[in-house]
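Going down the list, the protein sequences come from chains A and B. Those letters in the first sequence? Residues 96 to 426, per this note's numbering, in order. Those letters in the second sequence? Residues 96 to 426, per this note's numbering, in order. Built from N, CA and C at the ideal position, the CB exists for glycine as well. Only a predicted model underlies this, so the values are computations on that prediction, with no experimental measurement involved. What follows is a set of notes on a single structure, which appears directly below.
Number of protein chains: 2
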Amino acid sequence: MGGDFAPRATVAGALLALCELDSNHTIQLVGQTTVIRSQLDALLTEREFAPVRAQRERLSIIEAPDVIEMTDKPSAAVRGKPNSSMIVGLKLQADGESDAFVSAGNTGAQMAASMVVLRLHAGLKRPAIATLFPTSLKPVVVLDSGANVDCSPDELVQFARLGAVYAEDILGRDNPAVGLMSIGEEPEKGNAAVKEAHQLLQSAGIRFIGNVEGRDLPNGACDRGPIDVVVCDGFVGNVVLKFYESIAPFIMRLLGEAGVDQQIMAKALRQLDYSEHGGAPLLGVKGISIISHGKSSPRAIMNALKVGVRAVETRMDEHVGRRLQEGVGAV
Amino acid sequence: MGGDFAPRATVAGALLALCELDSNHTIQLVGQTTVIRSQLDALLTEREFAPVRAQRERLSIIEAPDVIEMTDKPSAAVRGKPNSSMIVGLKLQADGESDAFVSAGNTGAQMAASMVVLRLHAGLKRPAIATLFPTSLKPVVVLDSGANVDCSPDELVQFARLGAVYAEDILGRDNPAVGLMSIGEEPEKGNAAVKEAHQLLQSAGIRFIGNVEGRDLPNGACDRGPIDVVVCDGFVGNVVLKFYESIAPFIMRLLGEAGVDQQIMAKALRQLDYSEHGGAPLLGVKGISIISHGKSSPRAIMNALKVGVRAVETRMDEHVGRRLQEGVGAV
């Protein structure tokens, strides 16, 4: 039921995913049964979904009458709407009825509900949102991108561990290079938390490549080579993420006014589109909870579901737990 | 002597400025006399500078034998190189021999030297760097963009006052709209310093339009209308500034690979070029100290000099002092 274009975009995304995933994968659609069923019936008449028209048994509808609005306060929504698709969907996973959860709904509520229902790995105060940034080279994982502000040095180190697991499991990167976002490459540059985190990261058992700067993010690399993971607090990460989302449309508008063809631009800049990269895993919860953009298209939902499948198949959650455990002695 | 392309770019920039400024304006070139003189002689033979060939009396060369390198530590450079162009040039202003100072050299050293030589207005701990960001609408002043990390709520309020004066005097904006960078428009969104600053800004005697987000910066506006000034700590401002500087080249590369004409793009995106916007005033020092990008072209130096002239003509420094004084009772 979540997201600006729900339930159409979410249901259509699930159908697209069924088309692409192996036939042993099934999807539970959680929400108001009547709304979902009529949406599903309508979509299945469309030509695009013909390949899965005879596979309705791969879909089940799970009733969840409450709807959390985008404007609801997260904690109040979690307490006051226990039968929302958010809570019901996550409980299915906690009860072993599903392996992963994807939502395009209220991000704050998804985080709060995930913490309550799935709970956190030991040693964490809050989960982190890991977002993929398109770059000149390979996409870079940036975390935290909005869940945590005022982070301690220890928390930044935990983000580094979480991001390394994401890069290994979801992106298939070997021994990923982890950079710390700062305002100069020298260890003494940055705010107090970043300077202390820099020191801690040098013995955190990950491949720490030192400080990186804002300019290194679009480049996907710094002077010391390609970057796989960038660690920052959720305030900085969120500002840069939202900045990134609106800079490409601005540049495309300027070029459009100069006569550059919109279709050529749209195609060339397709990799900048968040929907190509699927959802952002909420890292640190015991389980898989994937946050999709509120404006998710069916394609974005499909990609988020595929990220969920990949997280399950690579046993990302188990690796997260182990990696955080390694840190208990070290930090 | 400062900047990646000195002394050619700085001297050529001074000559460009002479061509454009009224003939009552004069420029002091501060640095190693022999180096500057031979550079000047060479440039004056070029056709571009023919209009000022007969106006050498508008230029004077002031000897400053020491050179601060880009890699020098700011405080050590200020103490150890008292005869650098940075110190000598700023002292000319402190002694009433000049009205404004422009440099493309070591930014940290310029800040340290400006604090020592010009000193700060009462109530400030450090000056702020105010940078212009090109947007879909008019350029937006972002401060601080790198001088201050770990800012207190009071410091963020001071940035708002400084930015408002900049917008009024340099940009000619009436009653400028000041936004506070955060991760959501609601007053309760943000880190601890931002949340407290939000409250203080509501009675700071400026037109505070509330929190703005990363996405509002390229747009030059938020839901409540156009933005003139964005306030943030220097860590966030510097990350976003450097991010901005490298995102346009990345997008142009993608489009170039798709066959879009480089010249059309360069022309259409000319407003994204920092050199069009001149230097960034160091706000809060008693006087005018303009920071130019290390990679400044002659055109960027010329624009920085014009910002300096404008700051002097509008009596920006006096307005900064008065505006900060207003805040002493309020905050």
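Taking the C-beta atoms as reference points, I301(B) is found no nearer than 7 Å to V235(B).
Among the residues of chain A, those whose CB is under 7 Å from the CB of D245(B) are N286, A287, following chain order. Interface with chain A (7 Å Cβ-Cβ cutoff): I224(B) is excluded. Flagged as an interface residue toward chain B: R310(A), by a C-beta distance shorter than 7 Å.
In terms of Cβ geometry, V252(B) and L296(B) form a close pair [threshold 7 Å]. As DSSP reads the structure, V380(A) sits in a beta bridge with L215(A), L378(A).
Beta-bridge partners assigned by DSSP to R302(B): A272(B). With a contact defined as Cβ atoms closer than 8 Å, A112(B) and M397(B) qualify at about 4 Å. Excluding its 5 nearest sequence neighbours in each direction, P169(B) has C-beta neighbours in its own chain below 6 Å: G203, A204, A207, listed in chain order.
Only residues of its own chain outside the window of five on either side were considered, and among them R103, V106, A107, L110, F144 have a CB closer than 8 Å to the CB of L138(A), listed in chain order. Residues of chain A whose Cβ lies closer than 7 Å to the Cβ of M276(B) are, in chain order, V334.
Counting only the Cα atoms, D412(B) lies some 34 Å from M276(A).
Nearest to L377(B) by C-alpha distance, out of S341(B), R221(B), E263(B), E115(B), is R221(B). Counting every other CB atom within 10 Å of its CB across the protein chains shown gives S179(B) a total of 16 or more, marking it as buried.
Counting only Cβ-Cβ distances below 8 Å, F338(A) has contacts in chain B at G309, R310, L312, P313, V335, F338, Y339, in chain order.
When Cβ-Cβ separations below 7 Å define contact, S209(B) makes no contact with chain A. Pairing D161(A) with N314(B), the inter-Cα distance amounts to about 36 Å. The alpha-carbon of H293(B) is positioned some 43 Å away from that of G267(A). Here I122(A) has A109, L154 as same chain residues with Cβ atoms under 6 Å from its own Cβ, once five neighbours each way along the sequence are excluded. The beta carbon of N333(A) sits closer than 6 Å to the beta carbons of S240, G241 from its chain, once the five residues preceding and following it are set aside; these are given in chain order. Within the stretch 223 to 304 of chain A, the alpha helix (DSSP H) runs of at least 4 residues that lie entirely inside it are, in chain order, 248 to 264, 287 to 296.
About 4 Å separates the Cβ atoms of L213(A) and V380(A), confirming a contact at the 8 Å cut-off. Put simply, the CB of V235(B) is far from chain A, with every gap to its CB atoms at 7 Å or more. Boundaries of the alpha helix (DSSP H) around F330(B): 329 to 352.
Remark: C-beta atoms of P271(A) and A259(A) approach each other more closely than 7 Å. Contact of I342(A) with chain B is assigned, a C-beta pair being separated by under 7 Å.
Only residues of its own chain outside the window of five on either side were considered, and among them K284, G285, E308 have a CB closer than 7 Å to the CB of I278(A), listed in chain order. When DSSP states are grouped into helix, strand and coil, F144(B) belongs to the helix group. Residue environment for Q358(B): exposed (fewer than 16 other C-beta atoms within 10 angstroms of its C-beta). Scanning its chain for C-beta atoms nearer than 7 Å, with the 5 sequence neighbours on each side dropped, one finds around V331(B) the residues M276, in chain order. In the three-state reduction of the DSSP assignment, L364(B) falls in the coil class.
Taking 4 residues as the minimum length, the alpha helix (DSSP H) runs contained wholly in the stretch 124 to 205 of chain B are 128 to 139, 169 to 175, 180 to 189, in order along the chain. Sixteen is the threshold: since fewer than 16 other Cβ atoms of the shown chains lie within 10 Å of the Cβ of K362(A), the residue is exposed.
Using a Cβ-Cβ cut-off of 7 Å, V355(B) counts as an interface residue toward chain A, since at least one Cβ of chain A sits closer than that to its own.
Per DSSP, the beta-bridge partners of P321(A) are A316(A). With contacts defined by Cβ atoms closer than 7 Å, L124(B) and I163(B) do not form a contacting pair.
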